[in-house]
Amino acid sequence: MTSMKQTIDCSDQEWDRREKLAYCYRLVDFFGWTETIFNHISLRLPGPGHHYLVNPFGLNYSEVTPANLLKVDLEGNKAAPSEYDANPAGFALHSAVHGAREDIQCLIHTHTTPISAVAQKQAGFDHNNFYGAQLFGRVAYHDFEGITLFDDEKARMLSSLGSKHVLVLRNHGVAVGERSVETAFFLLWTVQRAAEIQCQAASMQGEETVLANEVRQRCADLTAMLIREGAFADRFFNAMVRKMHEEKGASW
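Under the working numbering, the residues of the sequence shown are numbered 186 to 437, in order.
Take a look at the structure:
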């Protein structure tokens, strides 16, 4: 990772998290997964206050830096001074998860075209392609209630998510959460690829080759082992940052 001079008053640990989260925003932009200035990626900060970092509303993902990320509490109030405000549409989902799931430190919400298309289908992910099989048993679904602005939906979203790490927001998009920026980004990449291939396959004539549940489970278990026992996701994330730097230059 490259580093930059620290320009705000925070601990080294917080600054490291700010850098990783800013890189994640830049990577989502690099891969073309943004929804202009909308959607959110959040990262929990250590401590009992359940504070987390999120993007300033109105900035493109390409404009997010470690220094301009907002620190907010579970009610969406700024926990550190900033000239920027946050998008209130992000608080219901992100604050609900960060307040309840200690195992989810980073939460990414997107609605790319392939993901939103799959989210509109009643069956959701079919788990029949290489990436979709890796998600077998790992996807939860939440019925659409409109734009996620209201506190009363928090409990229902958490109930829908259960203990899983992928929440398909029906007729909307997806939220993926993991223990770190690196693992969350890798999970998002897997979900995105699964949706892209499923949509492409659905547009072609011919019968589907349906995988057995035993094969799907083996794929999901193996992927979980690779993430859990090695630096698999870290290596992937760092490689994508290097690729972004090579093609676009320094991030900030």
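Note that beta-carbon positions come from the ideal geometry of N, C-alpha and C, so glycine has one too. Owing to the predicted nature of the structure, the values given are computational and were not obtained by experimental measurement.
Per DSSP, residue i is paired with what?
i, result
"alanine 325", "Leu352"
"lysine 433", "None; lysine 433 has no bridge partner."
"lysine 263", "Val257"
Any idea what DSSP makes of residue i, helix, strand or coil?
i, result
"alanine 360", "strand"
"threonine 408", "helix"
"valine 257", "strand"
"isoleucine 293", "strand"
"lysine 306", "coil"
"leucine 396", "coil"
"isoleucine 193", "coil"
"aspartate 311", "coil"
"tryptophan 416", "Just to set this straight, residue 416 is alanine in the shown sequence, not tryptophan. In this structure, alanine 416 counts as coil in the three-state DSSP scheme."
"isoleucine 332", "coil"
"threonine 136", "For residue 136 there is no data in the structure shown, the boundaries of the chain being 186 and 437."
"glutamine 319", "coil"
"glutamine 390", "coil"
"aspartate 270", "coil"
"proline 251", "coil"
"aspartate 337", "helix"
"methionine 186", "Reliability of the predicted coordinates at methionine 186 is poor, the pLDDT of 47 falling under 50, and no value is obtained from them."
"glycine 275", "helix"
"arginine 286", "coil"
Alpha carbons only, please: which of the options is nearest the one belonging to residue i?
i, options, result
"leucine 292", "His430, Phe421 and His225", "His225"
"alanine 387", "Trp200, Lys306, Leu373 and Lys339", "Lys306"
"asparagine 272", "Gly232, Ile222 and Tyr316", "Ile222"
"phenylalanine 310", "Thr295, His296 and Tyr326", "Tyr326"
"glutamine 198", "Gly232, Phe216, His283 and Val426", "Gly232"
"aspartate 406", "Val213, Gly317, Ala340 and Phe329", "Gly317"
"phenylalanine 422", "Ser196, Arg203, Tyr208 and Asp201", "Tyr208"
"lysine 364", "Leu206, Asp328 and Asp194", "Before going further, note that residue 364 is arginine rather than lysine in the sequence given. It is Leu206 whose Cα lies nearest to the Cα of arginine 364."
"proline 241", "Lys263, His235, Gly234 and Leu230", "Lys263"
"isoleucine 289", "Ser348, Asn313 and Glu338", "Ser348"
"asparagine 253", "His235, Trp200, Val213 and Glu414", "Trp200"
"threonine 333", "Glu431, Ala308, Val395 and Ser280", "Ser280"
"valine 440", "Phe215, His294, Asn314 and Leu255", "For residue 440 there is no data in the structure shown, the boundaries of the chain being 186 and 437."
"histidine 430", "Arg203, Asp214, Thr192 and Cys195", "Asp214"
"valine 324", "Lys339, Trp437 and Val351", "Val351"
"glycine 322", "Asn398, Pro299 and Met389", "Asn398"
"lysine 433", "Arg203, Leu411, Phe216 and Ile193", "Phe216"
"methionine 425", "Val366, Arg203, Asp258 and Ser345", "Val366"
"cysteine 384", "Asp258, Pro299, Arg202 and Gly234", "Pro299"
"lysine 339", "Glu260, Met389 and Trp218", "Glu260"
"tryptophan 437", "Ser196, Arg203, Cys195 and Asp194", "Arg203"
"arginine 403", "Glu330, Ala435, His283 and His312", "His312"
"cysteine 195", "Thr219, Trp218 and Pro251", "Pro251"
"glutamate 182", "Tyr269, Ile193, Ser301 and Val282", "In the structure displayed, the chain extends from 186 to 437; residue 182 sits before or after that span and is not available."
"histidine 283", "Asp270, Leu230 and Glu392", "Leu230"
"aspartate 328", "Asp337, Ser345, Phe335 and Ile382", "Ser345"
Am I right that residue i and residue j are in contact with their C-beta atoms under 8 Å? What's the rounded C-beta distance?
i, j, result
"arginine 211", "serine 267", "No, arginine 211 and serine 267 are not in contact; Cβ-Cβ is about 19 Å, not under 8 Å."
"leucine 320", "threonine 368", "The Cβ separation is near 14 Å, so there is no contact."
"leucine 343", "alanine 274", "The Cβ separation is near 17 Å, so there is no contact."
"alanine 304", "arginine 355", "6 Å"
"alanine 360", "leucine 278", "6 Å"
"glycine 228", "leucine 244", "One point to set straight first is that residue 228 is leucine, not glycine, in the sequence displayed. Rounded, the Cβ-Cβ distance is 16 Å, inconsistent with contact."
"threonine 295", "glycine 358", "6 Å"
"histidine 236", "valine 249", "With 8 Å as the limit, histidine 236 and valine 249 do not qualify as a contact, their Cβ atoms being about 18 Å apart."
"alanine 418", "phenylalanine 371", "4 Å"
Please specify which runs of the beta strand (DSSP E), each continuous and at least 3 residues long, are wholly inside the segment 200 to 244, giving them in chain order.
225 to 229 and 237 to 239
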